[in-house]
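I have placed the structure first, in the form of structure tokens, so that the comments after it can refer back to it.
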Amino acid sequence: AQTVTQSQPEMSVQEAETVTLSCTYDTSESDYYLFWYKQPPSRQMILVIRQEAYKQQNATENRFSVNFQKAAKSFSLKISDSQLGDAAMYFCALSGAGSYQLTFGKGTKLSVIP
Amino acid sequence: DAGVIQSPRHEVTEMGQEVTLRCKPISGHDYLFWYRQTMMRGLELLIYFNNNVPIDDSGMPEDRFSAKMPNASFSTLKIQPSEPRDSAVYFCASTQWGAGDTQYFGPGTRLTVL
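Chains A and B, in that order, give the protein sequences. Using this note's numbering, the letters of the first sequence correspond one by one to residues 75 to 188. Using this note's numbering, the letters of the second sequence correspond one by one to residues -8 to 105.
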């Protein structure tokens, strides 16, 4: 069984500042993928960033980057230069490579203060 | 390219009625997933298909739920009879082999059972 834990139910950040969302996980798989999905009020699930566990290098996508600590089973998301459009629920998710079964955390609600 | 398409976007029905949710995956994707999202349980995988064949339906809550995929471009999730506790947002997602387990979600169907 695999688990994903997001310990911050809610967070807030000032516009243009940087915020980090935390995620820890547990899996018995040796190869797996980690994801951050964003769910704005429209409820559409949008892929933000993806990390392959066998890659040492942290993934980045424009203003979004991750800090992947494999030994600690930690996968945090950093949002730089926060924008009003970043306000949403953010979900951390995990799947064993080739299993195609995503396990989601409970989510972190991010508010952006103008 | 069009994303995953779901219909209807909203469904309100009365307890005991049959409900059918529909999904069209991204063209060329050979995996299709049905998820349910509730406040209490978060995002749960109900069932997934590979090449139109159900692979794992262990998340289907009970016999009132059934899912089919008659062809590569269409899937249904049926609830018969519906109950108030089935009220949730139902997502369909798809991916293709070799995409690194990245799933692309539809906009979801918000189901309310009165």
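Glycine residues also receive a C-beta, built at the ideal position from the N, C-alpha and C atoms.
Is residue j closer than 8 angstroms to residue i when the C-beta atoms are compared?
{"i": "Y99 (chain A)", "j": "L151 (chain A)", "result": "no"}
{"i": "M85 (chain A)", "j": "T177 (chain A)", "result": "no"}
{"i": "A171 (chain A)", "j": "E103 (chain A)", "result": "yes"}
{"i": "L102 (chain B)", "j": "T67 (chain B)", "result": "no"}
{"i": "T93 (chain B)", "j": "T86 (chain B)", "result": "yes"}
Residues of chain E with a CB under 9 angstroms from the CB of residue i: which are they?
{"i": "F165 (chain A)", "result": "Going by chain labels, chain E is absent from the structure shown, which instead holds the protein chains A and B."}
As a quick exercise: from the options, pick the residue whose alpha carbon is nearest that of residue i.
{"i": "F24 (chain B)", "options": "B:T103, B:P61 and B:F96", "result": "B:F96"}
{"i": "I187 (chain A)", "options": "A:Q82, A:E89 and A:R137", "result": "A:E89"}
{"i": "Q80 (chain A)", "options": "B:G33, B:C14 and B:D92", "result": "B:G33"}
{"i": "A145 (chain A)", "options": "A:A127, A:V78 and A:V93", "result": "A:A127"}
{"i": "K147 (chain A)", "options": "A:Q82, A:M163 and A:S96", "result": "A:S96"}
In this structure, how does DSSP classify residue i when only helix, strand and coil are distinguished?
{"i": "L176 (chain A)", "result": "coil"}
{"i": "G7 (chain B)", "result": "coil"}
{"i": "D48 (chain B)", "result": "coil"}
{"i": "P75 (chain B)", "result": "helix"}
{"i": "L158 (chain A)", "result": "helix"}
{"i": "A127 (chain A)", "result": "coil"}
How about residue i: is its C-beta nearer than 8 angstroms to some C-beta of chain B?
{"i": "Y174 (chain A)", "result": "yes"}
{"i": "F178 (chain A)", "result": "yes"}
{"i": "L151 (chain A)", "result": "no"}
{"i": "Q118 (chain A)", "result": "yes"}
Could you tell me which residues DSSP pairs with residue i in its beta bridges?
{"i": "M119 (chain A)", "result": "In DSSP, M119 (chain A) forms no bridge with anything."}
{"i": "R13 (chain B)", "result": "B:S(-2) and B:T67"}
Can you find a CB in chain A that lies within less than 8 angstroms of the CB of residue i?
{"i": "V44 (chain B)", "result": "no"}
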